[in-house]
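In our numbering, the protein residues as written are 866 to 990.
In what follows, a single structure is set out as C-alpha cells and then discussed.
Below, the structure is given as C-alpha cells:
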C-alpha cells in the first residue's frame with residue numbers, strides 16, 4: 866500500500882456537536898486544538914489503496930469512536946460504510962494507526978470516556 870499525496874484526500878471534518886456550547890473561550894480553544902490534532906493525525910495516517918485509485922473508487926464512512934481519558938480507543942463502530950470493500954478494509958487499519966488519539970480536554974469527558982463520530986472521506990483529486 867502506497868501513501869498518495871494529500872491532494873487526493875478531503876480532510877475529515879469533526880462533527881460540530883463536539884463543540885461545548887456556552888464554554889468559556891479557553892475551553893472552546895482547548896476543544897478546537899484537540900479537534901485539529903485529530904484531523905492532523907487522520908490526515909497523516911489515512912491511506913488510499915492503489916486498487917481503489919486504479920478503479921477510481923471514492924467513498925465516505927462514519928465511525929463512532931469511544932476513547933478514555935488518555936485518548937486510548939476503547940471501542941469503535943462503523944456507522945456508515947463507504948460502499949466499497951477495498952475502502953472499508955482500511956477502517957480497522959486506520960483505527961489501529963490512530964490509537965491512541967490525542968488526550969481529550971477534560972470538559973468533553975463523560976465519566977471515564979468520551980464518544981464521538983468521525984466522518985472519513987476518500988476522494989480523488
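All C-beta atoms, glycine included, are put in the ideal place defined by N, C-alpha and C.
These numbers were taken from a predicted model, which means no experiment stands behind them.
**Q.** Residue interval of the beta strand (DSSP E) (run including residue 944)
**A.** 938–945
Q | Identified DSSP bridge partners for residue 978 | A | 933, 975
Q: With DSSP collapsed to three states, give me the class of residue 957.
A: helix
Q) What is the rounded straight-line gap between the Cα of residue 935 and the Cα of residue 985? A) 23 Å
Q) Going by the CB atoms, is the gap between residue 937 and residue 957 shorter than 8 Å? A) Cβ distance not < 8 Å, so residue 957 and residue 937 don't count as in contact.
Q | Beta-carbon separation (whole angstroms), residue 892 vs residue 972, contact threshold 8 Å | A | 5 Å
(Q) Between the alpha carbons of residue 932 and residue 903, how many angstroms are there, rounded? (A) 12 Å
Q. Considering only the beta carbon of each residue, do residue 963 and residue 896 sit closer than 8 Å?
A. no
Q. Among all the DSSP beta bridges, which residues are the ones paired with residue 986?
A. Here residue 986 is bridged, per DSSP, to 925.
**Q.** Enclosing alpha helix (DSSP H) for residue 966 [first to last residue]
**A.** Element bounds for residue 966: n/a, residue is neither H nor E.
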